[in-house]
Amino acid sequence: MTDHEYHELADALMLTIEEQIDDCEVDLDYESASGILEIIFPDRSKIVINKQAPLHQVWVATKFNGHHFELRDTQWIDNRSGAEFWQFMSDAATRQAGQRIEWQHN
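According to UniProt numbering, the sequence shown holds residues 1 to 106 in order.
This is the structure we're talking about:
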């Protein structure tokens, strides 16, 4: 994967989440700048997603733990647990919000 392809894919991933935050039934907010997306929950806790361009990875930090995702075929996969990004994000956001949040790849 080239650097250009990485940036296109990582930016699309973050944009998809931003768009879904606006439609989410849970009162979420977000801030986005310089390759970092912060999802802000009603209790003011955050999930932070940031691009790690030199590694071609996307890092996710929740209030419980951190994960490093890399593209394998067409899916972003956590390089430690093997979790798929969208399922992981749904589970992590649900746990952090205390109510069901479903993120979907468009």
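Think of the CB as a built atom: it goes at the ideal place given N, C-alpha and C, for glycine as much as any other residue.
Bounding residues of the beta strand (DSSP E) (the contiguous stretch that carries residue i)
| i | result |
| --- | --- |
| Q96 | Unbroken run through Q96 is the alpha helix (DSSP H), F85 to A97; no beta strand (DSSP E). |
| E31 | D29 to A33 |
Assigned secondary structure, residue i (DSSP; H/G/I helix, E/B strand, else coil)
| i | result |
| --- | --- |
| Q52 | strand |
| D23 | helix |
Reference residue i; option with closest CA among the options
| i | options | result |
| --- | --- | --- |
| W59 | Q104, T2 and I36 | I36 |
| Q104 | Y6, H4 and D23 | D23 |
| Q99 | E19, Q20 and V26 | V26 |
Contact with chain B by residue i, beta-carbon distance below 8 Å
| i | result |
| --- | --- |
| Y6 | Among the protein chains of the structure shown there is no chain B, as only one such chain exists. |
Where the alpha helix (DSSP H) through residue i begins and ends
| i | result |
| --- | --- |
| I101 | Taken as a continuous stretch (DSSP letters only), I101 belongs to no alpha helix (DSSP H), as it is neither H nor E. |
Backbone CA spacing between residue i and residue j [nearest angstrom]
| i | j | result |
| --- | --- | --- |
| H56 | Y6 | 6 Å |
| D11 | N65 | 22 Å |
| Q75 | D43 | 30 Å |
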